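>
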Amino acid sequence: MGLLSRIRRLVSGQPNIEGGIKVYAPISGEIVPIEKVPDVVFAEKIVGDGIAINPKGCYMLAPIDGTIGKIFETNHAFSIESPHGLELFVHFGVGTIELRGKGFKRLAQEGQQVKAGDHILEFDLEFLQNQVSSLLTPVVLANMEDVRSLDKCQGTVEAGKDVIFVVDV
Numbered sequence: 067m068g069l070l071s072r073i074r075r076l077v078s079g080q081p082n083i084e085g086g087i088k089v090y091a092p093i094s095g096e097i098v099p100i101e102k103v104p105d106v107v108f109a110e111k112i113v114g115d116g117i118a119i120n121p122k123g124c125y126m127l128a129p130i131d132g133t134i135g136k137i138f139e140t141n142h143a144f145s146i147e148s149p150h151g152l153e154l155f156v157h158f159g160v161g162t163i164e165l166r167g168k169g170f171k172r173l174a175q176e177g178q179q180v181k182a183g184d185h186i187l188e189f190d191l192e193f194l195q196n197q198v199s200s201l202l203t204p205v206v207l208a209n210m211e212d213v214r215s216l217d218k219c220q221g222t223v224e225a226g227k228d229v230i231f232v233v234d235v
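Structural data, given as structure tokens:
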């Protein structure tokens, strides 16, 4: 665990988490290794480690209880910080920023407190399939320096119900 996270935990009086912190699927679909995302920023873990999901459905949900940090102006990505100091980033597809928001609708606001499973963004999968180079949706933990281990899951997941990885801080 990083020094800043340790200090935050001590100051806030948070107890140690037994068994790790579960992060839930923000989107339904098939888990794919992050290294397979056709974008070097994600594949080489420049912004953090995690997984990608080949999406189904039409909603992006909060993967954990926390505060929405940033929702991109184009509504294709968002960040969230948990009370435990985890900083997660969810980014729909590759090339979606060029769509300038087409195919996406914002359902939550920056600074909003959310629970895991709350709706954050809506997307039009059928429209997006024909517009971008990849639909693979990275879900990354941005502050890996504060993490002891990241236990990644595999298989098909349902948004808001299935765990995609467990973080030991």
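With the numbering used here applied, the sequence shown covers 67 to 235.
Glycine included, C-beta positions come from ideal geometry on N, C-alpha and C.
Predicted model only: the values in this text are computed from it and were never measured.
List the endpoints of the continuous beta strand (DSSP E) containing phenylalanine 158.
Here phenylalanine 158 belongs to no beta strand (DSSP E), and DSSP marks it neither H nor E.
> Taking the straight line between their C-alpha atoms, what separation do you get for glycine 95 and lysine 102?
C-alpha separation (whole angstroms): 15 Å.
> In chain order, which beta strand (DSSP E) runs of at least 3 residues are fully inside the segment 98-183?
The qualifying runs are 115-122, 125-127, 132-137, 143-147, 153-157 and 170-172.
> How far does the beta strand (DSSP E) with leucine 207 in it extend, from its first residue to its last?
Leucine 207 -> beta strand (DSSP E) spans 203-207.
> Under the DSSP definition of a beta bridge, which residues are partnered with serine 215?
Looking at the DSSP assignment, serine 215 forms a beta bridge with Asp234.
> How is the beta strand (DSSP E) around glutamate 192 delimited, first residue to last?
That residue, glutamate 192, is in no beta strand (DSSP E); its alpha helix (DSSP H) goes 191-195.
> Note down the Cα distance separating valine 98 from alanine 208, rounded to an integer number of angstroms.
Each residue's alpha carbon lies about 18 Å from the other.
> Cα separation between histidine 142 and isoleucine 119?
Histidine 142 and isoleucine 119: Cα-Cα distance of roughly 14 Å.
> Excluding the five sequence neighbours on either side, which residues of its own chain have a C-beta within less than 6 Å of the C-beta of glutamine 179, listed in chain order?
Excluding residues within five positions, the ones whose Cβ falls inside 6 Å are Thr133.
> So does the segment 104-119 actually touch the segment 153-172, counting three or more Cβ pairs closer than 8 Å?
At 8 Å Cβ cutoff, the stretches touch.
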